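Residue numbers for the sequence shown follow our numbering, beginning at 14 and rising by one. A quick write-up on the structure given underneath.
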Amino acid sequence: MNNKTFTVKYYIARTKGTSVKWQRGRKTGCLPMWIADMDFKGDERVIEALQDFIVQGDYGYANLPEDYYDVFTNWHKRRNDVVYKNEWIRFSQGAVDGIFQVIYSLTEENDGILICTPLYPPFKATIKECKRKVYESKMINDDGYFTFDYKDIEKKLKTGKIRMMMLCSPHNPIGRVFKRGELEELFELCHRYKVLICSDEVHSDIIMPDQKFVPALSIKKYANDIITITAASKSFSLAVFKHCHVIIPNKKLRDRFIAYQRHTHVGSVNAFNALPTYYSYKYGEEWLDSLNNVVFENYEYMRDQLGKYYEMTTLEGSYLLFLNVAPHNGDKPAAKYLQEECKLLVNDGETFGKGYGSWVRINLATSLNNVKKATRALKKIVR
Ligand SMILES: Cc1ncc(COP(=O)(O)O)c(C=O)c1O
């Protein structure tokens, strides 16, 4: 399906509903391009299947569909060449909930946890919430292309205080789809210093042309050290349903995780919330491929129009662009400046890492029309 057809068919005007993104847009009179969800509804077959479930009226206790695990594992095998065994898979209510449970069950109070910044803020907040210590390694920025600082990472691992590394792959907000070699080098370091890896892969379905997503667990040598968190929530905009997978091949770690879930009564899967994920993996593949093309067109448009004025990330994965507003913001906090001067709502770079106050994160999962409006506004403030 071409991008125009996709947009006509699936774009939803969310201006009047309960959307967090658009309600704030309405209140401020701004075009909302913050938060990470989409302005597109899912494939019509997914919506029909959900309607059928609702209309039937059978809302008693329910199991997952019998082929749920096959549909989920085949998706990852087919698209990313990774094999997940059914018994490795547990569930959480969303990715951040999964991160929280992984930290709580597999580390101890005051253990160090490593993150690479700039990074989606709830990672740091959750580590602190769990009373663990945050170790932050700044990524190296080469004109908007961010990479791991292995030397700095090793220096931190060498302290012996770090028990876990929280990886974000693809990485929000810098849009990187890490190469196999980059991940191997990172995992080798973690292995050497006996550090577990928790890989949040919720953006793994939004991959730009010519990029190949490498799931952490496809690097089999380190599988015993790895926990993967993955969901369809970003891929198909299902955030409201709060359904996520926590994949743990190492039996000892998995048993600890399961014991924690039993103890806290949080492990039982919500079969209703799982349905949109199930139907999306079943019927949504063509839709997703089209969506990726739409995001890429939006990215190319913004890059071509603004690239000579603004430093910005090379979008390899996710629909989130990180853009440096300096010097056009005249030393003012960039997100606030864009809200006032451009009537544009974006995420404040400073929340992703110290020193990124002139950066903003822009959500490109919307119509090209909205991207054009935002681009025009950003062009107007060029100094
Ligand atoms: C990397 C990453 N992890 C987790 C989340 C939040 O997921 P959830 O709403 O399932 O907790 C987001 C949302 O933007 C994200 O970008």
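Note that beta-carbon positions come from the ideal geometry of N, C-alpha and C, so glycine has one too. Nothing here was measured: the structure is a model prediction, and the numbers come from that model.
Unbroken beta strand (DSSP E) run spanning residue i, endpoints
i      : result
Val147 : 146-151
Ser217 : Per DSSP, Ser217 belongs to no beta strand (DSSP E) and is neither H nor E.
His184 : Run containing His184: none; DSSP gives neither H nor E here.
Arg103 : 102-105
Gly359 : For the record, residue 359 in the displayed sequence is Val; it is not Gly. Counting along the chain, Val359 falls outside any beta strand (DSSP E), and DSSP gives it neither H nor E.
Arg374 : 372-376
Asp213 : 209-213
Leu230 : It is not in any beta strand (DSSP E) - Leu230 carries neither H nor E in the DSSP assignment.
Phe335 : 333-337
Euclidean distance between Cα positions of residue i and residue j
i      : j      : result
Gln69  : Asn76  : 16 Å
Lys17  : Leu304 : 11 Å
Arg396 : Thr130 : 29 Å
Leu328 : Asp83  : 31 Å
Ser331 : Lys385 : 19 Å
Cys181 : Ile260 : 15 Å
Phe66  : Pro78  : 12 Å
Leu333 : Val359 : 10 Å
Ile210 : Asn283 : 27 Å
Phe226 : Thr28  : 33 Å
Lys169 : Leu127 : 8 Å
Met315 : Thr120 : 42 Å
Glu310 : Asn15  : 11 Å
Ala49  : Gln36  : 14 Å
Arg189 : Phe285 : 33 Å
Gly38  : Tyr133 : 21 Å
Gly368 : Ala347 : 12 Å
Lys98  : Phe200 : 21 Å
Lys207 : Asp124 : 13 Å
Residue from the options whose Cα sits closest to the Cα of residue i
i      : options                        : result
Arg374 : Ser32, Gly42, Trp47, Gly38     : Trp47
Ser293 : Lys22, Lys54, Ile25, Asn376    : Lys54
Thr20  : Pro346, Ser371, Val307, Lys264 : Val307
Lys40  : Gly370, Ile394, Lys356         : Lys356
Ile187 : Met177, Met51, Gly157          : Gly157
Pro183 : His216, Phe161, Arg205         : His216
Tyr235 : Arg193, Leu336, Thr139         : Arg193
Thr139 : Ile116, Glu121, Phe159         : Ile116
Met51  : Ala347, Pro340, Leu251, Gly111 : Leu251
Asn263 : Ile25, Glu100, Lys255, Val190  : Glu100
Val59  : Ala272, Thr172, Phe249         : Phe249
Phe371 : Ile394, Asp238, Gly343         : Per the sequence presented here, residue 371 reads as Ser, with Phe not at that position. Among Ile394, Asp238, Gly343, the Cα nearest to that of Ser371 is on Gly343.
Cys257 : Cys43, Phe85, Ala387           : Phe85
Gln318 : Glu122, Ala387, Glu61          : Ala387
Ile102 : Thr172, Asp218, Gly42, Tyr81   : Tyr81
Asn376 : Tyr312, Tyr74, Tyr273, Tyr24   : Tyr312
Gln352 : Lys144, Pro135, Gly42, Tyr23   : Gly42
Extent of the continuous alpha helix (DSSP H) run through residue i
i      : result
Tyr117 : 108-119
Arg267 : 264-277
Phe200 : 193-205
Leu319 : 298-319
Tyr81  : 81-93
Ile67  : 57-69
Any non-hydrogen atom of ligand 1 within 6 Å of residue i CB
i      : result
Tyr133 : yes
Cys181 : yes
Gly107 : yes
Val96  : no
Asp213 : yes
Ser248 : no
Asn185 : yes
Ala49  : yes
Ala252 : yes
Does the stretch 209-226 come into contact with the stretch 358-367, if we say contact requires no fewer than three beta-carbon pairs (one atom in each stretch) closer than 8 Å?
Taking one beta carbon from each stretch, the stretch 209-226 and the stretch 358-367 have fewer than 3 pairs nearer than 8 Å; the two do not touch.
Taking three-plus beta-carbon pairs below 8 Å as touching, is the stretch 373-389 in contact with the stretch 139-153?
At 8 Å Cβ cutoff, the stretches do not touch.
Can you find at least 3 beta carbon pairs, one from the stretch 242-259 and one from the stretch 283-302, that sit closer than 8 Å?
Segments in contact, yes.
Does the stretch 294-309 come close enough to the stretch 267-286 to have 3 or more Cβ pairs within less than 8 Å?
In short, these stretches do not touch, since the Cβ pair count stays below three.
Please determine if the stretch 229-236 and the stretch 86-104 are in contact, where contact requires at least 3 C-beta pairs separated by less than 8 Å.
Under the Cβ criterion (8 Å, minimum of three pairs), the stretch 229-236 counts as touching the stretch 86-104.
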